[in-house]
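Structure first, then comments.
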Amino acid sequence: MSLTHPAYGRLRAVAPTASVLLANNPSQMTLQGTNTWILRAPGRSDCVVIDPGPQDPEHTAALVRETGGEIALALVTHHHFDHTGGIDGLVAETGTPVRAMHPAHLRGSALPLADGEVIDAAGLRLTVLATPGHTTDSVSFVTDDAVFTGDTVLGSGTTVLESRDGALGDYLASMDKLAAVAPGRRLLPAHGPDHPDAEPVIAYYIQHRRERLAQVRAALAELGADAGTMEIVAKVYADVDRSLWPAAASSVQAQLAYLRAAEN
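Residue 264 is where the sequence shown ends in UniProt numbering, and the numbering goes up by one at each step.
Written out as structure tokens, the structure reads:
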């Protein structure tokens, strides 16, 4: 019987060259857990891993078991601990080199990932897309039939933006880049279920972000131009569980910076 999402600690085939191992770290921020992707070309025993996952010995052991330890390269979508906590355990077990955009997560390599870079490893070819917005160092990976979006596009719900100035502008540009490569490819995110067609999911994300921006703009018109972040969160995210309001505040701060910069 084929596995369906979520399947903890068991390798679930998704595409001809991609399978997922779901970490057992569910939360409101990680959804059902962190997806560690294992990519293997036909006829090859070695593989590429995307996002080693959290610091969890059981997840690392399952990853070593399912790959036979033959990991030609591990790649990281961004620096958050639920994606990078398992790096050192995996390196200790397999010796795999690790590449990321953030230098702190490089292992066995001195080269941070670069936008537009083409990676050939284990008989596979992946193109790196810098997709900042969720974090400054967020990247996505594109293969012939899939796009691995990290936390930039999730399998359900929406992502949280950094609170920094420029984050929303970066994120909208990232979504345009993803929309350009989406046709004909699967969406394989770092959290939530995969989707056979990336295009409508990314289109929804763009629409949703524009709608949220309009809601923040309307809240400012009602509450006043100097309204505080949490005032706007309470207005715009009134239907969202209050435990998620701190995360929403980060996105609202990014949207306020975007709107106020546009006025100047």
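Glycine included, each C-beta is placed from N, C-alpha and C at the ideal position. All values derive from a computational prediction rather than experimental measurement.
Subject >> Distance between L223 and P112 (C-alpha atoms, nearest Å) >> reply: Between P112 and L223, the C-alpha separation is close to 44 Å.
Original post:
Does DSSP classify V240 as helix, strand or coil?
Top reply: coil
Original post:
Measuring CB to CB, does A190 end up less than 8 Å from T77?
Top reply: yes
Original post:
Hey, out of A146, R212, R242, whose CA is closest to L161's CA?
Top reply: R212
Original post:
Got a sec, what are the start and stop residues for the alpha helix (DSSP H) D226 sits in?
Top reply: Taken as a continuous stretch (DSSP letters only), D226 belongs to no alpha helix (DSSP H), as it is neither H nor E.
**OP:** State buried or exposed for Y258, treating a residue as buried only when at least 16 other CB atoms are found within 10 Å of its CB.
**Re:** buried
Original post:
What is the C-beta distance between T36 and G53, in whole angstroms, given that I count them as a contact (C-beta under 8 Å)?
Top reply: 5 Å
Original post:
In angstroms, rounded to a whole number, what distance separates the CA positions of residue 286 and Q253?
Top reply: No answer is possible for residue 286: it lies beyond the span of the chain, which begins at 1 and ends at 264.
**OP:** Provide the residue span of the alpha helix (DSSP H) that contains S251, from first to last.
**Re:** 245–263
Subject >> Closest Cα partner of A130 within the set A110, D145, T159, A100 >> reply: A100
Subject >> Length of the line joining the Cα atoms of R40 and R217 >> reply: 46 Å
Original post:
Using DSSP with H/G/I as helix, E/B as strand and the rest coil, what is L3?
Top reply: coil
Subject >> Under the three-state DSSP convention, the category D88 falls into >> reply: Under the three-state reduction of DSSP output, D88 falls in the helix class.
Original post:
How many angstroms separate the CA atom of G155 from the CA atom of G192?
Top reply: Rounded to whole angstroms, G155 and G192 show a C-alpha spacing of 4 Å.
Original post:
Around the Cβ of P132, are there at least 16 other Cβ atoms within 10 angstroms (buried) or fewer (exposed)?
Top reply: buried
Subject >> Residue span of the beta strand (DSSP E) that contains P189, given as start and end >> reply: Its beta strand (DSSP E) spans residues 186–189.
Original post:
Is it the case that the Cβ atoms of D88 and E70 are separated by a distance below 8 Å?
Top reply: no
Original post:
Under 8 Å between the Cβ atoms of N25 and D82?
Top reply: yes
Original post:
Are K235 and A219 touching if we call contact CB-CB under 8 Å?
Top reply: yes
**OP:** Verify the contact flag: Q28, CB atom, against every heavy atom of the ligand COA, threshold strictly below 7 Å.
**Re:** The ligand COA is not part of the structure shown, which contains no ligands of any sort.
Subject >> Exposure label - D144; buried when at least 16 CB within 10 Å >> reply: Under this definition D144 is an exposed residue.
**OP:** Less than 8 Å between the CB atoms is what I'm expecting for V201 and H195, so what's the real figure, rounded?
**Re:** Contact holds; Cβ gap of about 5 Å.
Original post:
Is the CB-CB distance between G50 and F141 below 8 Å?
Top reply: Reading off the sequence shown, one finds Ile at residue 50, where the question assumed Gly. Cβ distance < 8 Å, so I50 and F141 count as in contact.
**OP:** State the Cα-Cα distance for the pair G85 and A221, rounded to the nearest angstrom.
**Re:** Cα to Cα, G85 sits roughly 43 Å from A221.
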